[in-house]
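Colleague:
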Amino acid sequence: MTSHRFGTCFILAAFSTLAAIANPIPVVDSQPAPARDHELFVGVDLFLIHDDEMVNVRKIENDKALLDNATREEVRLRDSSGLQWRMGTKVSATSATIEALKSKRVNSPFTNPALKQMRSKQALLDYVDHEKEARDAALVISMRDVESPDASVAFATKVESSTNPFAEGMIADAVAGIDQMTATGKVFDRLTDSPGENDNFDAVELTFNLSSPTPIAEAYVVFIVRVTRDGEIYDTSFYRPVGRIDSTPRKIRFMRAGFPPGFEIQDTRVHLFWQGEEIPTNLSEKHYQVTAEEAKTYL
765 MTSHRFGTCF
775 ILAAFSTLAA
785 IANPIPVVDS
795 QPAPARDHEL
805 FVGVDLFLIH
815 DDEMVNVRKI
825 ENDKALLDNA
835 TREEVRLRDS
845 SGLQWRMGTK
855 VSATSATIEA
865 LKSKRVNSPF
875 TNPALKQMRS
885 KQALLDYVDH
895 EKEARDAALV
905 ISMRDVESPD
915 ASVAFATKVE
925 SSTNPFAEGM
935 IADAVAGIDQ
945 MTATGKVFDR
955 LTDSPGENDN
965 FDAVELTFNL
975 SSPTPIAEAY
985 VVFIVRVTRD
995 GEIYDTSFYR
1005 PVGRIDSTPR
1015 KIRFMRAGFP
1025 PGFEIQDTRV
1035 HLFWQGEEIP
1045 TNLSEKHYQV
1055 TAEEAKTYL
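First residue of the sequence shown: 765, per my numbering; consecutive thereafter.
Structure follows, in structure tokens:
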């Protein structure tokens, strides 16, 4: 009897052990899941051709590329063959949002019919109001050579009517630098939008709203525009500063001239940078949120 009872107890104990293994007691994990507060994305690394070599650009400041070479040289973008780029995986703890991105073909001031019809160069001077101080300074300097008050008045009238050669040259210089401007307002719209069909578009206008939950000072953007013409594909890139951005969306507008007549826009990309580091946006390719530990594997 004792032997039978022992055997029965052993079998019951074995079944209890198997049941415990099959249905383990739940264990409450008090540790929260790691925060996915880093951004993994595909961005671009920037380069310049310098001394017949592709040199990495550390960052861009005031239209100058700071090169990542032994001498830490600075190269004016205007004096270079243009920014080159290569796709690369990047990680950032900051992000930004780009909304309402639009690109369209427009006329630059060189080819805009509305500008050609303008009879008053003063209107053009109002358009390039950032040149006002230069205009006033030029007027004061020129008047120093005029002896009589009557002559001074005559000279001032001459400049205001834009018949003075110096004023003409100043206007030309202002127009030549127009693609460097951050243009806003109805005046810009009137001068770039051409009514009706036009096959002489030679510029691209880009507009978008930019914001970031984390304030970013002295940000800049690099645009990559792909266009086609006569079946050929062309890529071009250019840099523009956008200053400080924060949580309030700010409308950004730029124009880039110099495109061949008859071109079509195929694709537009916007890459945001701060201090040489690219900031991901909602438009970044292969954009994922990862934990800090996961982010380390990509650094």
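No residue lacks a Cβ here, since even glycine has one placed at the ideal position from N, Cα and C.
LYS1050 to ILE1009, Cα distance in whole Å?
Modeller: Whole-angstrom Cα-Cα distance: 24 Å.
Colleague: Would you call PRO873 buried or exposed, if buried means 16 or more other Cβ atoms sit within 10 Å of its Cβ?
Modeller: Under this definition PRO873 is a buried residue.
Colleague: Measuring CA to CA, which of VAL991, LEU812 and GLY1040 is closest to GLU822?
Modeller: The sequence shown places Arg at residue 822, not Glu. Of the candidates VAL991, LEU812 and GLY1040, the one whose C-alpha sits nearest the C-alpha of ARG822 is GLY1040.
Colleague: DSSP beta-bridge partners for ALA967?
Modeller: DSSP, once it has assigned bridges, lists VAL870 and ALA1021 as partnering ALA967.
Colleague: For the alpha helix (DSSP H) that GLU1058 lies in, which residues bound it at each end?
Modeller: Where GLU1058 is concerned, the enclosing alpha helix (DSSP H) stretches over 1056–1060.
Colleague: Out of VAL989, VAL1006, VAL819 and THR1012, point me to the one whose CA is closest to THR1000's CA.
Modeller: Nearest C-alpha to THR1000: VAL989.
Colleague: Where does ASP843 fall in DSSP's three states?
Modeller: Helix at ASP843.
Colleague: Just verifying my parser: in three-state terms, what is the DSSP assignment at ASN1046?
Modeller: Coil at ASN1046, not helix or strand.
Colleague: Give the C-beta separation of PHE1002 and ARG1014 to the nearest angstrom, bearing in mind that I take them to be a contact with Cβ-Cβ under 8 Å.
Modeller: Not really, about 20 Å apart at Cβ, beyond 8 Å.
Colleague: Is the distance from the Cβ of ARG869 to the Cβ of PHE965 below 7 Å?
Modeller: Yes, the pair counts as a contact, with Cβ atoms nearer than the cut-off.
Colleague: What does a CB cutoff of less than 8 Å around PHE811 pick up in its chain, not counting 5 residues either side in sequence?
Modeller: Taken in chain order, the residues that qualify are MET818, VAL819, ASN820, VAL821, LEU847, GLN848, TRP849 and ARG850.
Colleague: Starting from ALA983, follow the beta strand (DSSP E) in both directions and report where the run begins and ends.
Modeller: First-last of the beta strand (DSSP E) with ALA983: 980–993.
Colleague: Please report how far the alpha carbon of PRO979 lies from the alpha carbon of GLY1007, in whole angstroms.
Modeller: Answer to the nearest angstrom: the Cα atoms are 11 Å apart.
Colleague: Would LEU974 and ILE1016 qualify as a contact pair, given that the criterion is a beta-carbon distance under 7 Å?
Modeller: Yes. Within cutoff.
Colleague: Which residue marks the beginning of the beta strand (DSSP E) containing ARG836, and which one marks its end?
Modeller: Taken as a continuous stretch (DSSP letters only), ARG836 belongs to no beta strand (DSSP E), as it is neither H nor E.
Colleague: Mind checking ALA797: buried by the 16 CB within 10 Å criterion, or exposed?
Modeller: The residue is exposed, with fewer than 16 neighbouring Cβ atoms inside 10 Å.
Colleague: Could you tell me how far apart the beta carbons of HIS814 and VAL839 are, in whole angstroms, since I believe they sit closer than 8 Å?
Modeller: Contact holds; Cβ gap of about 6 Å.
Colleague: How would you label THR1061, buried or exposed, when you count the other beta carbons within 10 angstroms and need 16 or more for buried?
Modeller: Counting Cβ neighbours within 10 Å, THR1061 comes out exposed, since fewer than 16 surround it.
Colleague: Could you check if THR853 is buried or exposed, using at least 16 other CB atoms within 10 Å of its CB as the buried criterion?
Modeller: Under this definition THR853 is an exposed residue.
Colleague: Just the Cα atoms here: how many angstroms apart are GLU961 and ALA864?
Modeller: Low confidence applies to GLU961: its pLDDT is 49, below 50, so where it sits in the model is not reliable enough to give any reading.
Colleague: On the DSSP bridge assignment, give the partners of GLN752 in chain order.
Modeller: Given that the chain is displayed from residue 765 to residue 1063, the structure contains no residue 752 and the question cannot be resolved.
Colleague: Could you tell me which residues DSSP puts in a beta bridge with HIS802?
Modeller: Note: HIS802 sits in a beta bridge opposite VAL1054.
Colleague: Taking the alpha-carbon of THR1032 as reference, which of TYR998, GLU803 and LEU831 has the nearest alpha-carbon?
Modeller: Of TYR998, GLU803 and LEU831, the residue nearest in Cα terms is TYR998.
Colleague: State the CB to CB distance for the pair THR992 and GLU1028, rounded to an integer number of angstroms; the pair is presumed to be in contact (CB under 8 Å).
Modeller: About 5 Å separates the two Cβ atoms, so the contact holds.
Colleague: Quick check: what's the CA-CA separation for GLN1030 versus ASN1046?
Modeller: Roughly 20 Å between the two C-alpha positions.
Colleague: Is the Cβ-Cβ distance between ALA983 and HIS802 less than 7 Å?
Modeller: No, the Cβ-Cβ distance between ALA983 and HIS802 is not below 7 Å.
Colleague: For ARG800 and ASP994, I'd like the C-alpha separation in whole angstroms.
Modeller: Cα to Cα, the separation comes out at about 47 Å.
Colleague: Quick check on DSSP: helix, strand or coil for ALA829?
Modeller: Three-state result, ALA829: strand.
Colleague: Which stretch, first to last residue, makes up the beta strand (DSSP E) that contains PRO796?
Modeller: That residue, PRO796, is in no beta strand (DSSP E); it is neither H nor E in DSSP.
Colleague: Using a 10 Å radius around the Cβ and a threshold of 16 neighbouring Cβ atoms, would you call SER859 buried or exposed?
Modeller: So SER859 ends up on the buried side.
Colleague: Please state whether DSSP places PRO1013 in a helix, a strand or coil.
Modeller: DSSP places PRO1013 in coil when its eight states are reduced to three.
Colleague: What's the call for ASN833, buried or exposed, on a 16-neighbour Cβ count within 10 Å?
Modeller: Exposed.
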